[in-house]
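Enquirer: Chains as they are written, first to last, in my numbering: chain A, 7 to 295; chain B, 7 to 295.
Protein chains: 2
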Amino acid sequence: MEHWDDLKTALHLLRGGTLAAAAQSLGVNYTTVARRIARLEQAVGETLFERLADGYQPTEAARLVGEYVARMEDAQLSLDRRLKGRDQRLSGSLVITAPQLLIVTHLAEVIEAFCAAHPEVDLQVRATNDLLDLNRREADLAIRISETPGDALMGVRLTEQASASFANADWAERIRTRPADRIDWAVYTGLGAVPKASLKAYPNAAVKVQFDDMVALVGAAQRGLGVVRMPMFLGRATPGLVQVPVLEPQPYPSIWVVGHKDVWPSAKVTAFRNILVPFFRGRRAEFVA
Amino acid sequence: MEHWDDLKTALHLLRGGTLAAAAQSLGVNYTTVARRIARLEQAVGETLFERLADGYQPTEAARLVGEYVARMEDAQLSLDRRLKGRDQRLSGSLVITAPQLLIVTHLAEVIEAFCAAHPEVDLQVRATNDLLDLNRREADLAIRISETPGDALMGVRLTEQASASFANADWAERIRTRPADRIDWAVYTGLGAVPKASLKAYPNAAVKVQFDDMVALVGAAQRGLGVVRMPMFLGRATPGLVQVPVLEPQPYPSIWVVGHKDVWPSAKVTAFRNILVPFFRGRRAEFVA
DNA sequence: CTCCATCCATGCACATTTGCATGCCTAGAG
DNA sequence: CTCTAGGCATGCAAATGTGCATGGATGGAG
């Protein structure tokens, strides 16, 4: 058990299932993975993987290895976070993540202010709706729209939010003048139905199309495909959209900034929060009804 | 934090204090240690050790590293033991440890029987009174003379024991014929005094010499330097020594076979116990009064 | 059935890592 | 004060580890 790197390699192979997958996640060539595994098996004196045509099939011993090496990895990730957390420099790398649309409408301004205030910091923004793993330091700080801070251990609520219905000017006019006409909805896949709260006042409504992406949904609304439910800030900030009375303003998950408790005290993370939080305090009106 | 081996190197350097010490415990050249530490500091972006004339002095960050890498090592050692424990082969390496004198008098026979029964096993015996660390698998199985099984988690008492006073034939004769004469004791360093229990019957006694090694003490007794307190089995098995009535038989720590619970079920360890335990059951009389 | 996309094994050349030899520095003994 | 032992840095050559290219095997799509 000389080579801890070989153990790490075995863990990645267990997760990836194939040499190529493990190699990619490790950033090495797959032949290297094969050789490290061979060396590890030599050291352990036991076969860890059956070489099959469709990948390396782990033996029971390999699963045992995986169990304990995962603990090693946990310790390593904790160390990584702790070192990040005690970093008092305002230079070097900082990784944040946020939903694309929030960046477009508001965060770009925050990011710009942060970059101006701390030009030495090498800021990287990961714009995605995916929940990146803050334990693995896929990001140091996350801005999320959700009921709870999520998997991270520290969080500050930036603002509560409401949602409402928006559409383009044509639709707004039509709804105002002929409220009994059929109303087309464009909705997010998964919801798949017209919001119930709107049916009492506007029962003549149906889903016309579903999208699995919020950016696309916004585009659809601009184009006039129908009425879309979205958070207030997004509807208000999108050119060509106006609020329509089809769906009264409703509660919507809050916006949080969350981070791992180990990383939270870091100078760069603190500095970012110190710009982010006041920004949202000052613009609260854009998010609520 | 790419290279886990560098983290391991830092741990050894923290423990050893110097490049040379760390290098030796890792089995590499000390220049390698220096270079791995340099690479690790690069990766962490922080100085971990101050280079001083008398060694590498850890910074606070290095101690943080040490704390978490020790956890990684714990996991690795656990894995090592678990893999050893599930090994059902009766071949390969088996490491046992026992006190030298017990090997000389009794265990040699057990070891011989084991080697005969399992010739494929590569048995290594570490003859020492030091308590090897079974957590670190410095040995798979330990035979120990102590009140408790010690740091290991599984143990079987092989036999209880008594101790008594022994001396060579000259002394035995002298004590028998002139019991009031002064009695010389040779004792183990640390005890440093004549056993109290002997003073009532033989008050005219004094320590003549102290030894820090039991083998040497036995030799001294054979040579006639005086009376020595030792476990029954040792006095009885040592040529030239006879029991003398100066010290009545007294309780003495039992003999245990102990091992880590993870390693205990291993085929080789079990096989060794299966020879060891019956052997002691059958020879109990040699250990008690 | 054939083609193609994956996946794995292996030989060879290159890159990186390691060990060794040398030299410098410091602290402590004589 | 000198001398020595222990500790560290560095250049160079050998050993080891890695990537690339090629070839073989398998399973699913057309």
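All C-beta atoms, glycine included, are put in the ideal place defined by N, C-alpha and C.
(1) Where do the ends of the beta strand (DSSP E) carrying Q249(A) lie?
(2) Can you tell me where the alpha helix (DSSP H) with G33(A) in it begins and where it stops?
(3) Could you give the first and the last residue of the continuous alpha helix (DSSP H) run that contains W177(B)?
(4) For F285(B), which option in A81(B), D219(B), L113(B), H18(B) has the closest C-alpha, if you only look at C-alpha atoms?
(5) Grouping DSSP H, G and I as helix and E and B as strand, with all else coil, what is A295(B)?
(6) Ignore the nearest five residues each way along the sequence and tell me which others in E166(B)'s own chain have a CB closer than 6 angstroms to its CB.
(7) Sort out for me which residues DSSP pairs P64(B) with in a bridge.
(8) Report the three-state DSSP secondary structure of Y1(A) (helix, strand or coil).
(9) Chain A partners of G61(B), CB-CB under 8 angstroms?
(10) Within the chosen definition, does the region 52 to 69 of chain A reach the region 104 to 120 of chain A through at least 3 CB pairs nearer than 8 angstroms?
(11) Taking C-alpha atoms, which residue in R142(B), L159(B), G225(B) lies nearest to G246(B)?
(12) Can you check whether the C-beta of R45(B) is within less than 9 angstroms of a C-beta belonging to chain A?
(13) In the structure shown, what three-state DSSP assignment does M7(A) receive?
(14) Identify which residue in R142(A), A227(A), R42(A) has its Cα closest to the Cα of K267(A).
(15) Below 8 angstroms, how does it come out for the region 115 to 124 of chain B and the region 73 to 92 of chain B: are there three or more Cβ pairs, yes or no?
(16) For the region 232 to 245 of chain B and the region 129 to 144 of chain B, state whether three or more C-beta atom pairs, one from each stretch, are separated by less than 8 angstroms.
(17) Am I right that I149(A) and V263(A) are in contact with their C-beta atoms under 8 angstroms? What's the rounded C-beta distance?
(18) Sort out for me which residues DSSP pairs R132(A) with in a bridge.
(19) Apart from the five residues just before and just after L17(B), which ones in its own chain have a Cβ nearer than 7 angstroms to its Cβ?
(20) For T38(A), which residues of its own chain have a beta-carbon under 7 angstroms away from its beta-carbon, when the five flanking residues on both sides are left out?
(21) Expressed to the nearest angstrom, what Euclidean distance is found between the alpha-carbon atoms of G23(A) and T65(B)?
(22) When the Cα of A207(B) is compared with those of E254(B), A243(B), Q48(B), which residue comes out closest?
(23) My understanding is that V269(B) touches G91(B), with C-beta atoms under 8 angstroms, so please give their C-beta distance in whole angstroms.
(24) Check the DSSP bridge columns for I151(A) and list the partner residues they point to.
(25) When DSSP labels each residue in this structure, what does D12(A) get in the three-state scheme?
(26) Of the residues that make up the region 79 to 97 of chain B, which ones have a beta carbon closer than 9 angstroms to any beta carbon in chain A?
(27) Run down chain B in chain order and give the residues with a C-beta less than 8 angstroms from the C-beta of A67(A).
(28) Please name the residues in the region 259 to 283 of chain A whose beta-carbon is closer than 7 angstroms to at least one beta-carbon of chain B, in chain order.
(29) Counting along the chain, where does the alpha helix (DSSP H) carrying V275(B) start and finish?
(30) Between which residues of its own chain and D190(B) is the CB-CB distance below 6 angstroms, once the five residues before and five after are set aside?
(31) Measuring only between beta-carbons, confirm whether L13(B) sits less than 9 angstroms from chain A.
(32) Counting C-beta neighbours from all protein chains within 10 Å, is the total for R87(B) 16 or more, i.e. buried, or is it exposed?
(33) Work out the CA separation of D139(A) and R279(A) for me, nearest whole Å.
(34) Mapping the DSSP letters down to three states, classify A309(A) as helix, strand or coil.
(35) For D12(A), is the classification buried or exposed, using 16 other Cβ atoms within 10 angstroms of its Cβ as the cut-off for buried?
(36) Any C-beta of chain B sitting closer than 9 angstroms to the C-beta of G22(A)?
Expert: Quick look at the numbers:
(1) For the purposes of this step, residue 249(A) is identified with residue 243 of the first sequence, where counting begins at 1. Its beta strand (DSSP E) spans residues 247 to 250.
(2) The count along the first sequence starts at 1 and reaches residue 33(A) at position 27. Counting along the chain, G33(A) falls outside any alpha helix (DSSP H), and DSSP gives it neither H nor E.
(3) By 1-based counting over the second sequence, the position of residue 177(B) is 171. It spans 175 to 183 - the alpha helix (DSSP H) in which W177(B) sits, taken as one unbroken run.
(4) Numbered from 1 along the second sequence, position 279 holds the residue referred to as residue 285(B). Nearest of A81(B), D219(B), L113(B), H18(B) to F285(B), Cα basis: L113(B).
(5) Position 289 of the second sequence, counting from 1, holds the residue named residue 295(B). Here A295(B) sits in coil by DSSP.
(6) Stepping through the second sequence from its first residue, residue 166(B) is reached at position 160. Once the five neighbours on either side are set aside, the close Cβ partners of E166(B) are S260.
(7) In the second sequence, counting from the first residue as 1, residue 64(B) sits at position 58. F55(B), per the DSSP bridge assignment.
(8) Coverage of chain A is limited to positions 7 through 295, which leaves residue 1(A) absent and any answer about it impossible.
(9) The residue labelled residue 61(B) in the question sits at position 55 within the second sequence. Neighbours of G61(B) on chain A: none; closest Cβ ~23 angstroms, over 8 angstroms.
(10) no
(11) For the purposes of this step, residue 246(B) is taken as the residue at position 240 of the second sequence. The shortest Cα separation from G246(B) among R142(B), L159(B), G225(B) belongs to G225(B).
(12) On the second sequence, position 39 is the one that residue 45(B) refers to. With 9 angstroms as the cut-off, R45(B) does not count as an interface residue toward chain A.
(13) The residue labelled residue 7(A) in the question sits at position 1 within the first sequence. Coil at M7(A), not helix or strand.
(14) Along the first sequence, read from residue 1 onward, the residue named residue 267(A) stands at position 261. Nearest of R142(A), A227(A), R42(A) to K267(A), Cα basis: R142(A).
(15) no
(16) no
(17) Taking the first sequence and counting its residues from 1, the one referred to as residue 149(A) is at position 143. Taking the first sequence and counting its residues from 1, the one referred to as residue 263(A) is at position 257. Contact flag correct, Cβ pair sits at about 5 angstroms.
(18) The count along the first sequence starts at 1 and reaches residue 132(A) at position 126. The partner list for R132(A) (beta bridge, DSSP) reads T103(A).
(19) For the purposes of this step, residue 17(B) is taken as the residue at position 11 of the second sequence. The answer, listed in chain order, is G72, V75, A76, E79.
(20) Within the first sequence, numbered from 1, the residue matching residue 38(A) stands at position 32. Only A29 meet the Cβ criterion.
(21) Stepping through the first sequence from its first residue, residue 23(A) is reached at position 17. Stepping through the second sequence from its first residue, residue 65(B) is reached at position 59. Approximately 40 angstroms, taken between the alpha carbons.
(22) Along the second sequence, read from residue 1 onward, the residue named residue 207(B) stands at position 201. Per the Cα distances, E254(B).
(23) Here residue 269(B) is taken as the residue at index 263 of the second sequence, counted from 1. Here residue 91(B) is taken as the residue at index 85 of the second sequence, counted from 1. Correct: roughly 5 angstroms between the Cβ atoms.
(24) Along the first sequence, one-based indexing puts residue 151(A) at 145. Beta-bridge pairing links I151(A) to I261(A).
(25) Locating residue 12(A) in the first sequence gives position 6, where the first residue counts as 1. In the structure shown, D12(A) adopts helical secondary structure according to DSSP, grouped into three states.
(26) When CB distances to chain A are screened at a threshold of 9 angstroms, the residues of the region 79 to 97 of chain B falling below it are E79, D80, A81, Q82, L83, S84, L85, D86, R88, L89, R92, D93, R95, in chain order.
(27) The count along the first sequence starts at 1 and reaches residue 67(A) at position 61. Residues of chain B passing the Cβ test: L89, R92.
(28) none
(29) Counting from one through the second sequence, the residue named residue 275(B) turns up at place 269. First-last of the alpha helix (DSSP H) with V275(B): 273 to 288.
(30) Within the second sequence, residue 190(B) is the residue found at index 184, counting from 1. Excluding residues within five positions, the ones whose Cβ falls inside 6 angstroms are K214, G232.
(31) Against the second sequence, residue 13(B) aligns to sequence position 7. So yes, L13(B) belongs to the interface.
(32) Looking up residue 87(B) in the second sequence gives position 81. When all chains shown are included, R87(B) counts as buried.
(33) Numbered from its first residue, the first sequence carries residue 279(A) at position 273. Numbered from its first residue, the first sequence carries residue 139(A) at position 133. Distance between the alpha carbons of R279(A) and D139(A): 19 angstroms.
(34) Beyond the ends of chain A as shown, which are 7 and 295, falls residue 309(A); an answer cannot be given.
(35) On the first sequence, position 6 is the one that residue 12(A) refers to. With 16 or more other Cβ atoms within 10 Å, it is buried.
(36) Position 16 of the first sequence, counting from 1, holds the residue named residue 22(A). Chain B contact via Cβ: absent.
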